[in-house]
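Scroll down for the structure; my scribbles are underneath it.
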Amino acid sequence: MQWTLIYLSATVATALSTSKPPQNSLTDGLDVLYESNKLNQYIEDLVDVSDRTKASLGLAANLRKRVDPSEVSSFNQFFRFIIEFQKEYRFEREIGQAFQRFKAAEASINAAKKRNPHAEFGVTKFSDLSTEEFIQQYTGVPPSVVDKFKAGKTTVGSTASGQKDSTLTHTRVTTVDEWSSENQTESRFKRSSNSTDSSLAAFDWRLLGGVTEIKDQGKCAASYAFAAIAAIESIYTIKFKKAIDLSEQHAIACTYNNTDYENDGCNGGDPSEILQFAVDQGLVTENSWPYKLQFYRNGSKIAKCRQFKNQQRYFDYFEFLPMYDEDSMKQKLISNGPLVSYIDATDLQFYLSGIITAKSRDINHAVLTVGHGLDVKAGPYWIAKNSWGKDFGEQGYIRFGLGKNSANIGAFNIEIVP
């Protein structure tokens, strides 16, 4: 976000420009404003800042009066953070707690840098959260979901012969193949003769138009749904050369507290259960049921499942890939399409750019692996589509070291088969 500030005086104008200021200029400007009793007017005159964020800044301005002089510089940076990321706090006490976590983030940032020397870390929109809060609010895959991989489960959603299973668990849905008038062979992306060669140094479905727009799950811990829906959107786009925007809200609501799928809404779930629901009952587009859970608070209600006449089945079946086999991942990614990948998101809280290389055995998040590449210094890497908006990471994407099980990305992956 660009800093859009109003000129209040010739002195302040030097420190507070209309573009994003140098690291120290806003701190100096706030000191001038505070000492001249113009801080509240400055807040009121901010442009492109919501009323709720302005109210939060007003609370922060009051709290600043009681901040220890040794912490004023840090608090000014926190004030800058509130503006840049449009933060909203309801109480002064909440702001004080957020400030303490913001200060503590420096140690976590330094630790992440040591674990991942080929990545950049710094202040992000998650810098006012503890690690536990970050994982609880912004990820969404409990460790227990990997039991299906460990049990040796493979193909789901088709018959043994590979044909579509028309005996669905729930309502009968129309398949895309049934209503599409396009010729599938003609409409598939034309791939080069060596496109299934897993020895390719780089391959990126984004460059082939096979990846849909970055989305933002907000404070709903439902990466399990966003990764699964993103995979279905990609497979459809690759198959028919036509992008589609499917409803995460529909998939979340209809697998929430449902004994057939047993996902837990905005408190986490299993990507494979979203895929199973998509096979059983079909999905609707975002226009049919727009996403409304980005401002979810713990304990809030999730809308009940709704049935739509236009629910469609967009793919045939899905497969659990062999565990810890990144060569298989490459082959499936290139030959078929992006993969649902379960990862450990702990090092992503302060991620800015670069390649995450730290190994892990934990699981708490899901992303869509869309390609791979080669870095001169860091070596081969995966490219993953995340669901925290375009203002996160590399315009919404993350890179992970390939062949190193970085962030546990090589352990648990699912292939969607059209």
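Residues -15 to -1, 1 to 403, numbered by mature numbering (1 follows the signal peptide of the UniProt record, and there is no 0), are exactly what the sequence shown covers, in order.
Every residue gets a Cβ at the ideal spot worked out from N, C-alpha and C, and that includes glycine.
Alpha-carbon to alpha-carbon, Glu118 and Arg191: 32 angstroms
Delimiting residues of the beta strand (DSSP E) encompassing Pro365: Where Pro365 is concerned, the enclosing beta strand (DSSP E) stretches over Gly364 to Lys370.
Phe397 to Phe385 span [Cα, whole Å]: Looking at the two C-alpha atoms, the distance is approximately 14 angstroms.
Between the CA atoms of Cys251 and Tyr209 - distance to the nearest angstrom: 10 angstroms
Identity of the residues DSSP links to Tyr339 by a beta bridge: In the sequence as displayed, the identity of residue 339 is Gly instead of Tyr. DSSP, once it has assigned bridges, lists Ala104 as partnering Gly339.
Nearest-angstrom Cα separation, counted from Tyr299 out to Glu163: Only weak support is given to the placement of Glu163: the predicted model assigns it a pLDDT of 47, under 50, and the question is left unresolved by the model.
Where residue 404 falls, given that 16 or more other Cβ within 10 Å makes a residue buried: The question about residue 404 has no answer, for the chain in this structure spans -15 to 403.
CB of Leu337 within 8 angstroms of CB of Phe106, strictly: Yes, the Cβ-Cβ distance between Leu337 and Phe106 is below 8 angstroms.
Separation of Leu48 from Ala215, as counted between CA atoms: 42 angstroms
CB of Glu218 within 8 angstroms of CB of Thr197, strictly: yes
Close beta carbons around Ser391, own chain, < 7 angstroms, minus the five adjacent residues each side: Ile341, Thr342, Ala343, Lys344 and Phe385
Ala31 versus Val57 - alpha carbon distance: Residue identity check: residue 31 is Leu in the sequence provided, not Ala. If you take the alpha carbons of Leu31 and Val57, they lie about 21 angstroms apart.
Candidates Gly358, Phe293, Ser35 and Gly81, of which the one nearest Leu114 by Cα: Gly81
Pairwise C-alpha distance: Asp312 and Pro256: 22 angstroms
Exposed unless 16 or more other CB atoms sit within 10 angstroms - verdict on Ser112: buried
Alpha carbon of Ala213 to alpha carbon of Asp132, nearest angstrom: Going by the C-alpha atoms only, they are around 18 angstroms apart.
Assumed close pair Gly142, Gln261 - CB separation to whole angstroms, cut-off 8 angstroms: About 7 angstroms separates the two Cβ atoms, so the contact holds.
Inter-residue spacing [alpha-carbon to alpha-carbon] between Leu268 and Tyr276: Between Leu268 and Tyr276, the C-alpha separation is close to 14 angstroms.
Rounded distance between the beta-carbons of Lys224 and Gln279, thought under 8 angstroms: Contact flag wrong, Cβ pair sits at about 29 angstroms.
Ala288 - DSSP class collapsed to helix/strand/coil: coil
Of the residues Gln297, His103 and Ala46, the one placed nearest Lys362, counting alpha carbons only: Of the candidates Gln297, His103 and Ala46, the residue whose Cα lies closest to the Cα of Lys362 is His103.
When Ser41, Ala92, Arg51 and Lys98 are compared against Glu79, the one with the closest alpha-carbon: Ser41
Extent of the continuous alpha helix (DSSP H) to which residue 426 belongs: Because the chain in this structure spans residues -15 to 403, residue 426 falls outside the shown range and cannot be described.
Closest Cα partner of Phe303 within the set Ala238, Ile319, Arg346 and Pro403: Closest option to Phe303, judged by alpha-carbon separation, among Ala238, Ile319, Arg346 and Pro403: Pro403.
Phe377, enclosing alpha helix (DSSP H) - first and last residue: Run containing Phe377: none; DSSP gives neither H nor E here.
CA-to-CA distance, Glu247 to Val352, given in whole angstroms: 20 angstroms
Through-space distance from Ala228 to Arg282, alpha-carbon basis: 32 angstroms
Three-state class that DSSP yields for Ser326 in the structure shown: strand
Thr44 to Gln122 span [Cα, whole Å]: Before going on, a small fix: residue 44 reads as Leu here, not Thr. About 24 angstroms.
Helix, strand or coil at Tyr209 [DSSP, three-state]: helix
Those residues which DSSP pairs with Ala351 across a bridge: DSSP lists Tyr327 as partners of Ala351.
Straight-line Cα distance separating Ile394 from Tyr309: Rounded to whole angstroms, Tyr309 to Ile394 spans 8 angstroms at the Cα level.
Residues sharing a beta bridge with Glu401, DSSP: The amino acid occupying residue 401 in the given sequence is Ile; Glu does not appear at that position. Phe303.
Distance between beta carbons of Gly253 and Pro127, contact taken as under 8 angstroms: 5 angstroms
Reduced DSSP secondary structure (H/G/I, E/B, other) of Gly386: Strand, per DSSP.
Per DSSP, cross-strand counterpart(s) of Thr270: Leu231
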